[in-house]
Amino acid sequence: MNHTIADAGSAPAIQLLTCNAELTTPLRALLLAQGFMLETFETPERLIGAHPSPRVLLLVDVDALPDADTLGALVAQAQQRDGQPIPLVCLASGNDIRPRLAAMRAGARAYLQMPMEIEELTDRLLGLAGTQSVSPERVLVVDDQPVAALFAARVLESAGMLTERVGDALAVLDALDAFVPDLVLMDLHMPGASGIELTRIIREQDRFADLPIVFLSAELDAEQQMAALRVGGDDFLAKPVAPDQLLACVRQRLGRSRERARRQSGPDAIDALTGLASLGRLLARLGQLIGRGGTAGRRALVVLDLDGDEGALMRLAVAVAESCGASDLAARVGERSLAVLMRRDDAASLGRACGHYADELSRAGFAPGPGRALGVGWCALTNSGGDAVTLMSRAAKAARSAREAGDGLTLGYGCEPVPARTLDHDAVSTAILTERLQLLFEPMVSLTPATSARYEVSPRLATPDGELLPPVAFMPIAQRCGLAERLDAWLLAKGLDAIVACRDAGQPAQLFVYQSVLGAGREDWVDQIRDEINRRDLFRLRPVIQFQVQEAAADPALAADRVARLARLGIPVCLNGVDAENASERVLASVPAAFARLGSTTVQSLDPVPLAELARRLRERRLGVIAGGVDSSETIARLCRAGIDLLQGPFVQPPSAVMDYDFSGVDAV
1 MNHTIADAGS APAIQLLTCN AELTTPLRAL LLAQGFMLET FETPERLIGA
51 HPSPRVLLLV DVDALPDADT LGALVAQAQQ RDGQPIPLVC LASGNDIRPR
101 LAAMRAGARA YLQMPMEIEE LTDRLLGLAG TQSVSPERVL VVDDQPVAAL
151 FAARVLESAG MLTERVGDAL AVLDALDAFV PDLVLMDLHM PGASGIELTR
201 IIREQDRFAD LPIVFLSAEL DAEQQMAALR VGGDDFLAKP VAPDQLLACV
251 RQRLGRSRER ARRQSGPDAI DALTGLASLG RLLARLGQLI GRGGTAGRRA
301 LVVLDLDGDE GALMRLAVAV AESCGASDLA ARVGERSLAV LMRRDDAASL
351 GRACGHYADE LSRAGFAPGP GRALGVGWCA LTNSGGDAVT LMSRAAKAAR
401 SAREAGDGLT LGYGCEPVPA RTLDHDAVST AILTERLQLL FEPMVSLTPA
451 TSARYEVSPR LATPDGELLP PVAFMPIAQR CGLAERLDAW LLAKGLDAIV
501 ACRDAGQPAQ LFVYQSVLGA GREDWVDQIR DEINRRDLFR LRPVIQFQVQ
551 EAAADPALAA DRVARLARLG IPVCLNGVDA ENASERVLAS VPAAFARLGS
601 TTVQSLDPVP LAELARRLRE RRLGVIAGGV DSSETIARLC RAGIDLLQGP
651 FVQPPSAVMD YDFSGVDAV
């Protein structure tokens, strides 16, 4: 967001409470260059004693407070002095949970972990400040009752938002294109089309995948409300609603949307060379879509594999961008490769659309064929193997095959000459014995302010022709081949090495590492884990060992013994795949675990009441409850109401080869 350089006397102010003189001087210069004045105070008393000013942010370094618990009182005093709400942002070093709790309770909009590069801090502050002072947020109000629509619009306009009212449900898509809202506020029951139907149509278009949709309706039936959230709604407000409640809900959803947009449009989401989306952003979108049977069959990933220099890649990126449809997502996915996520009406038209891309690129001078080092390959989401990384590797394999063939054909994975791969014992054994494996990291975030970085580590098996297969595809074969212990040892060693790397980089992280109950059968298994930890001096950064609950159910006595021995060493255990069935309950009753992870099937299939009941029973056992497979804001809303502790899944961030998730925000999701 651009701001002209302003005279310091008239510039909007950011007030900073800090004792860190090394922070204030460079921050003041960078903010002034963007049109903001920085007012600094060394003590809370001086801040409160200052004359009221039209600040856009109050920035508090909690290290400057005598106690973190005084933050709430400080904010209350400032609000009383100014007679208006305080836009609060907190800075802090260290991982103490108390400052985070104090920030959350004081209503902080963000909690920024220090140290942070001064340029990055400036960008974050400009983003937080600019949303209030530059472009008003836009809300599309969809309601066939004119009085209700006018009421909602007036409430939002009083807070400085722009609104557009639509009374005809069939005109919503046109209004979305014309008004380009930041949020949709919609009634549930309307003539012509219901709010549920409209939401389903809106969500089918990738460009509106993250557009917040809040329902405002007189519908009181809980099942109807949950149905609205299941199709993609973000929240539900019952009419009549108090103005302050309506404003609070809309502001909260807009704030979450801004934070997602910041992450998606930041340096890690946009490829600097091509200007297209990054691999991480594309993988996140793929993870959200995989497993949605109705829409997955109408989507495919196209990969373009180029043998050329950066100039050729940039020209290819321009050609791809010009060929993309409105709902397509193009990204750079490799040093010399691009990808396009496309949606078409049916599975048959996907192949034709992929061929169309090749035709468009041919007209742009990138015709595949002899002497033309470009291959175009694709893979339908139904061939993903349930994993975004695997899907990417399969589409890339088809593209490489097309480039090597050089006959101008567009090849699809699962079609000759790129048949779907079937694994056998020899292939898995060879891959494990030669360590053709990769380690990926998937972050877990808290519904309350995060106290530390947490990741689940998982392996991928690399086939000779470039596919990356998820654990579900090869671990059962590995166990039948007698290679469970070999795989466990590799995974433990790589996981512990990753913890060491995080520690040495000053960014400690807690890693959850899978081990098989079968491999734990050796009497010296616990001693070996202890020795591996001690050898790396990880006395304060022990991993969390993970067992599958189904494996533990096969030998509960062994699992209970191993978990108890690990607990005596200060090594917690997580049981994966917990559900509401009796088999899980029996294992939990005998195995003293510290965490229980609900699988994606359980998370998606359980209705709110049984989900909350399951979470309650787990918490009564003093277990931290983790939910996997989180793919939408609606899922997060259900999990929040159920009392889940930690979330992971594509909506948070898909598995990645690097640990780069930003845990610093107050609202991690």
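Just so we're aligned, residue 1 is where the sequence shown starts under UniProt numbering, counting upward by one. Yeah, the Cβ is synthetic: ideal placement off N, Cα and C, and Gly gets one too. Please read these numbers as outputs of a predicted model, since none were measured by experiment.
First through last residue of the alpha helix (DSSP H) which encompasses residue i
i: methionine 475; result: 471-480
i: valine 500; result: 484-504
i: glutamine 550; result: 549-554
i: threonine 601; result: 600-605
i: phenylalanine 151; result: 146-158
i: residue 680; result: Because the chain is modelled from 1 through 669, residue 680 falls outside the range shown and cannot be assessed.
i: threonine 25; result: 21-33
i: alanine 627; result: Alanine 627 -> not in any alpha helix (DSSP H); beta strand (DSSP E) instead, spanning 624-627.
i: isoleucine 202; result: 195-203
i: proline 608; result: 608-620
i: serine 584; result: 582-590
i: glutamine 224; result: 222-230
Alpha-carbon spacing of residue i relative to residue j, whole angstroms
i: serine 337; j: methionine 444; result: 30 Å
i: threonine 131; j: aspartate 497; result: Only weak support exists for where threonine 131 lies, its pLDDT of 41 falling under 50; the value from the coordinates is given anyway. Each residue's alpha carbon lies about 41 Å from the other.
i: leucine 229; j: aspartate 235; result: 7 Å
i: aspartate 123; j: tyrosine 111; result: 14 Å
i: leucine 57; j: asparagine 20; result: 18 Å
i: valine 549; j: glycine 628; result: 15 Å
i: serine 632; j: isoleucine 290; result: 12 Å
i: threonine 24; j: proline 99; result: 21 Å
i: arginine 562; j: tyrosine 514; result: 14 Å
i: leucine 16; j: phenylalanine 41; result: 6 Å
i: arginine 154; j: aspartate 244; result: 12 Å
i: aspartate 426; j: arginine 251; result: 57 Å
i: valine 214; j: glutamate 119; result: 35 Å
i: alanine 396; j: threonine 410; result: 12 Å
i: aspartate 144; j: leucine 216; result: 12 Å
i: glutamine 205; j: glycine 72; result: 43 Å
i: aspartate 555; j: alanine 642; result: 30 Å
i: valine 89; j: glutamine 113; result: 11 Å
i: residue 672; j: methionine 190; result: This structure cannot settle anything about residue 672, because the visible part of the chain is limited to 1 through 669.
i: serine 452; j: alanine 373; result: 46 Å
i: residue 672; j: proline 610; result: A query on residue 672 cannot be resolved here, the shown segment of the chain reaching from 1 to 669 and no further.
Per-residue DSSP class, three states only, for residue i
i: asparagine 383; result: helix
i: asparagine 2; result: Residue placement at asparagine 2 is flagged as unreliable, the pLDDT there being 32, under the threshold of 50; a coordinate-derived value is accordingly withheld.
i: methionine 104; result: helix
i: residue 755; result: The requested residue 755 is not part of the displayed model; the chain covers only 1 to 669.
i: isoleucine 14; result: strand
i: proline 212; result: coil
i: threonine 463; result: coil
i: proline 44; result: helix
i: phenylalanine 179; result: helix
i: tyrosine 661; result: coil
Nearest candidate by alpha-carbon position, reference residue i, set the options
i: aspartate 488; options: Ser516, Asn576, Ile626; result: Ser516
i: alanine 589; options: Leu618, Ala103, Asp607; result: Leu618
i: leucine 286; options: Ala388, Asp531, Gly406; result: Ala388
i: alanine 596; options: Leu170, Asp359, Phe512, Leu439; result: Phe512
i: glutamine 225; options: Leu101, Glu551, Met186; result: Met186
i: glutamate 137; options: Glu164, Gly355, Met114; result: Glu164
i: methionine 116; options: Asp524, Ser605, Gly506; result: Gly506
i: alanine 331; options: Thr70, Leu279, Thr18; result: Leu279
i: arginine 109; options: Leu59, Asp63, Asp579; result: Leu59
i: alanine 509; options: Ala13, Val303, Cys640, Tyr661; result: Tyr661
i: histidine 218; options: Val62, Val658, Leu211, Val241; result: For the record, residue 218 in the displayed sequence is alanine; it is not histidine. Closest by alpha carbon: Val241.
Close-in-space but distant-in-sequence residues of the same chain around residue i (CB under 7 Å, 5 per side omitted)
i: serine 429; result: Cys481, Leu483
i: leucine 593; result: Per the sequence shown, residue 593 should be read as alanine rather than leucine. Taken in chain order, the residues that qualify are Val563, Val573, Cys574, Leu575, Leu623.
i: proline 655; result: Val389, Leu440, Phe441, Glu442, Ser458
8 Å Cβ shell around residue i - same chain, five flanking residues per side excluded
i: threonine 390; result: Ser384, Arg460, Glu467, Leu468, Leu469, Pro470, Ala473
i: glutamine 288; result: Ala209, Asp631, Ser632, Pro650, Phe651
i: glutamate 551; result: Ser516, Val517, Leu518, Ala559
i: glutamate 157; result: Thr163
Beta-carbon proximity list for residue i, same chain, < 6 Å, skipping 5 on both sides
i: proline 370; result: Because proline 370 sits at a pLDDT of 47, beneath the cut-off of 50, its placement in the model cannot be relied upon, and the following sentence gives the value as read from the coordinates. Once the five neighbours on either side are set aside, the close Cβ partners of proline 370 are Gly406.
i: glycine 325; result: none
i: valine 231; result: Ile196, Thr199, Arg200
i: glutamine 546; result: Phe512, Tyr514, Cys574, Asn576
i: serine 600; result: Gly628, Gly629
i: arginine 403; result: Asp305, Gly375
i: alanine 159; result: Leu247
Beta carbon proximity, residue i to chain B, threshold 8 Å
i: proline 543; result: In the displayed structure, chain B is absent; only one protein chain is listed.
Run of the beta strand (DSSP E) containing residue i, from where it starts to where it stops
i: alanine 92; result: 88-93
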